[in-house]
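Each residue of the sequence shown is one higher than the one before, starting from 5 at the first, in my numbering.
C-beta: ideal position from N, C-alpha, C; glycine also.
If you're wondering where the values come from, they're calculated on a predicted model, not measured in any experiment.
Take a look at the structure set out below.
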Amino acid sequence: TKPFYVEELSARLNAIYRRKTLKSAQNLSFADFLIDLQLKEVYYKNKEITLTKKEYQLLLYFVVNKNRVVSKAAIAEHIWGDNFDQSDNFDAVYVHLTNLRKKLNQAARMDYIKTVYGMGYKFTC
């Protein structure tokens, strides 16, 4: 009998659906990239791109949230969870984001991660 908001309920249901869909999938793909979810490997035109664990998690987060603006705080919370202190600065997010951008750019010669000034980042493909 607690009050609830329809928007929050809808967002929670969508998140559950996304997680279930992601777990049952073997691979994710966008543009000419292929992400092997079981091996945790990323390929561009069948050539492997070496990513760190955090870069891989960041890429998955962006692919799942494609065409949505995500804030630095949301990224930090997703990747580091409760271990990320809100009072900390977001230097770690910037570093991993810069490295991921560089690796995707080297492979595809295209910047998939756009900066939305004052709001966060948007992954487009």
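Quiz item: Which residues in the same chain as F66 place their Cβ atom closer than 7 Å to its Cβ, once the five residues preceding and following it in sequence are excluded?
Solution: Only I117, F127 meet the Cβ criterion.
Quiz item: Counting pairs of Cβ atoms below 8 Å between the region 109-116 and the region 76-85, do you hit three or more?
Solution: No, because fewer than three Cβ pairs between the region 109-116 and the region 76-85 fall closer than 8 Å, the two stretches do not touch.
Quiz item: How would you write the range of the alpha helix (DSSP H) that L101 sits in, first residue to last?
Solution: Unbroken alpha helix (DSSP H) run through L101: 95-112.
Quiz prompt | CA-to-CA distance, N31 to N103, given in whole angstroms | solution = Taking the straight line from one Cα to the other gives about 23 Å.
Quiz prompt | Buried or exposed (CB count within 10 angstroms, at least 16 for buried), L55 | solution = Buried is the call here.
Exercise. Look up G124 in the DSSP assignment and say whether it is helix, strand or coil.
Key: In the structure shown, G124 adopts extended strand secondary structure according to DSSP, grouped into three states.
Practice problem: Take the Cβ of Y98 as the centre, count every other Cβ of all protein chains shown within 10 Å, and call the residue buried at 16 or more, exposed below. | Solution: Answer is exposed; the Cβ neighbour count stays below 16.
Quiz prompt | Simplified DSSP state of N31, which is helix, strand or coil | solution = In the three-state scheme derived from DSSP, where H, G and I count as helix and E and B as strand, N31 is classed as strand.
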